[in-house]
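See structure below.
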Amino acid sequence: MIFWTVTALIAFSAAFLLAMILIRARTLGEPAAAYDLRVYRQQLREVDKDLARGVINAGDADRIRTEISRRILAADTQLQQAQSGRSQPKTLSLVFGIATALLITGGTLGIYWQLGAPGYGDLGLKDRIQLAGQRAENRPSQTEAEAEVPALPKPQVEEGYVTLVEQLRKTASERAEDAQGQALLAQHEANLGNFKAAYAAKTSYIRLAEGQVNARDFTELAELKIMAAGGYVSPEAQTDLQKARAIDPAHGPARYYWGLMLGQIGRPDLAYREWAATLRAGPADAPWIKGIQGQIEEMAFRAGVEYQPIAPGGATAPALPGPSAEDMAGASELSAEDRQEMIRGMVTRLSDRLATEGGSAEEWARLIGALSVLGDTDRARTIYGEARDAFAADQEALALLETIAAQAGLAE
1 MIFWTVTALI AFSAAFLLAM ILIRARTLGE PAAAYDLRVY RQQLREVDKD LARGVINAGD
61 ADRIRTEISR RILAADTQLQ QAQSGRSQPK TLSLVFGIAT ALLITGGTLG IYWQLGAPGY
121 GDLGLKDRIQ LAGQRAENRP SQTEAEAEVP ALPKPQVEEG YVTLVEQLRK TASERAEDAQ
181 GQALLAQHEA NLGNFKAAYA AKTSYIRLAE GQVNARDFTE LAELKIMAAG GYVSPEAQTD
241 LQKARAIDPA HGPARYYWGL MLGQIGRPDL AYREWAATLR AGPADAPWIK GIQGQIEEMA
301 FRAGVEYQPI APGGATAPAL PGPSAEDMAG ASELSAEDRQ EMIRGMVTRL SDRLATEGGS
361 AEEWARLIGA LSVLGDTDRA RTIYGEARDA FAADQEALAL LETIAAQAGL AE
């Protein structure tokens, strides 16, 4: 309220001052008739001088004096009319000034209400990026977010189904080391809206699977946490998404939730870029594509981008280097140690290629994220320093690298 009061007073004062200047300009200044009078009177004096010098005779002098006198009378009449029109009541001028000031002030405040951001500080790009990094580091945890989510109505299911799930819970608790039992429990708990119990069971499944998991498993775990938090992507869910993206950079659901997370921490520019690339990759009928299509226009507005509709699966952007579908199929058959070694090998190849051939900022950011997921923090920090040197002149690339570094805990 204070903001609007001060703003309105400043705008009204400036508008009223401008209106009074315009009104005063109308009341000042000499009318044209006054100038004409001075000219005609000077002409009368010139007639007498001409007559004295013998330039004109007495008859011509009388005729000229008569014509000039007629013009003086007409000019005097015009002058009196102009002065009468200017002598309008001061109250009317004041009312006109106030009305003009109110019109200007109201129009200004109306435009600001539609286009401005009342109460929001004027932050430069560097400050906004820094705030986004701080927001990413200090945002609420999964537990804190769940505590703020109101209780939601449970989905309507048959009573017999609830009985079967209760039996599954009992069996899963008795056979706590059965990975498939935990996977089933996670699925059916989610069907009942018990997302917290669902992601707990999914976590147990990933632990018991001994590395025989893929990007989909980590994305589903993140999704369950996001649903339990009411749509909020917590740091814990972000970690699961990082693991999914390290395994399969092109995994659509992970990319969708990654963009959602970027938008929540104040980086709609990076979120829009991620979603736009995901849309181009398609396929058009994928569920995550529908989710992106429903939100990308608003994200583009927040990012300051003039949105142009993107055809899903149309002009496909070049995929960033990562494991192929065949790689992932083969990895699912490996032991935990072999699988970890395979991922490290792919990360090493990407690192070597960037060091020798260079690459885009997105590729460097992906390498930093993958190394942090693998626990190689020192190497990730070194790569981050090299990337900053490589893109020192590219502010947009530096912003991406700083955000990824902050999310990986590497920011200074």
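Once you know that position 26 of the sequence shown is 26 in this note's numbering, the rest is easy, because the numbers rise by one and skip nothing.
Just so you know, even glycine gets a beta-carbon here, dropped at the ideal spot from N, CA and C.
Extent of the continuous alpha helix (DSSP H) run through residue i
| i | result |
| --- | --- |
| residue 241 | 235 to 247 |
| residue 191 | 179 to 191 |
| residue 217 | 215 to 228 |
| residue 34 | 32 to 53 |
| residue 272 | 268 to 281 |
| residue 148 | 142 to 148 |
| residue 287 | 287 to 293 |
| residue 169 | 159 to 174 |
| residue 367 | 361 to 373 |
| residue 202 | 195 to 208 |
| residue 391 | Segment: none, residue 391 is in no alpha helix (DSSP H) and carries neither H nor E. |
| residue 257 | 252 to 264 |
| residue 139 | Note, residue 139: premise wrong, no alpha helix (DSSP H); not H, not E. |
| residue 297 | 296 to 303 |
Cβ-based burial, residue i [other Cβ within 10 Å; buried from 16]
| i | result |
| --- | --- |
| residue 323 | With a pLDDT of only 49 at residue 323, under the threshold of 50, the placement of this residue in the model should not be trusted; the figure read from the coordinates follows. Per the 10 Å Cβ criterion, buried. |
| residue 204 | buried |
| residue 325 | Any answer about residue 325 is weak, because its pLDDT of 47 lies below 50 and its placement is not dependable; what the coordinates show is given next. Residue 325 should be labelled exposed. |
| residue 77 | exposed |
| residue 111 | exposed |
| residue 56 | exposed |
| residue 384 | buried |
| residue 317 | In this prediction, residue 317 has a pLDDT of 43, which is less than 50 and means its spatial position is unreliable; nothing more can be read from the coordinates. |
| residue 358 | exposed |
| residue 274 | buried |
| residue 114 | exposed |
| residue 319 | Only weak support is given to the placement of residue 319: the predicted model assigns it a pLDDT of 47, under 50, and the question is left unresolved by the model. |
| residue 267 | buried |
| residue 6 | exposed |
| residue 345 | exposed |
| residue 234 | buried |
| residue 352 | exposed |
| residue 202 | buried |
| residue 377 | exposed |
Cβ pair residue i, residue j closer than 8 Å
| i | j | result |
| --- | --- | --- |
| residue 226 | residue 217 | no |
| residue 8 | residue 79 | no |
| residue 64 | residue 47 | yes |
| residue 108 | residue 197 | no |
| residue 463 | residue 236 | Here the chain covers residues 1 to 412 and nothing more, so residue 463 does not appear. |
| residue 246 | residue 147 | no |
| residue 224 | residue 190 | yes |
| residue 177 | residue 208 | yes |
| residue 181 | residue 154 | no |
| residue 253 | residue 288 | yes |
| residue 179 | residue 199 | no |
| residue 232 | residue 145 | yes |
| residue 397 | residue 361 | yes |
| residue 68 | residue 37 | no |
| residue 365 | residue 410 | no |
| residue 149 | residue 263 | no |
| residue 408 | residue 368 | yes |
| residue 152 | residue 168 | no |
| residue 310 | residue 260 | no |
Option in the options with minimal Cα separation from residue i
| i | options | result |
| --- | --- | --- |
| residue 244 | 233, 278, 148 and 214 | 214 |
| residue 286 | 296, 312 and 145 | 312 |
| residue 363 | 391, 378 and 377 | 391 |
| residue 14 | 100, 44, 59 and 58 | 100 |
| residue 269 | 195, 405, 400 and 37 | 400 |
| residue 44 | 32, 54, 61 and 53 | 61 |
| residue 291 | 263, 308, 257 and 264 | 257 |
| residue 265 | 406, 104, 378 and 278 | 406 |
| residue 387 | 403, 374 and 375 | 403 |
| residue 188 | 294, 297 and 161 | 161 |
| residue 32 | 51, 41, 75 and 278 | 75 |
| residue 242 | 378, 373, 50 and 17 | 373 |
| residue 395 | 349, 127, 277 and 234 | 127 |
| residue 70 | 50, 58 and 41 | 41 |
| residue 389 | 259, 347, 376 and 355 | 355 |
| residue 17 | 195, 276 and 104 | 104 |
| residue 239 | 307, 298 and 137 | 137 |
Any chain D beta carbon closer than 8 Å to residue i
| i | result |
| --- | --- |
| residue 147 | In the displayed structure, chain D is absent; only one protein chain is listed. |
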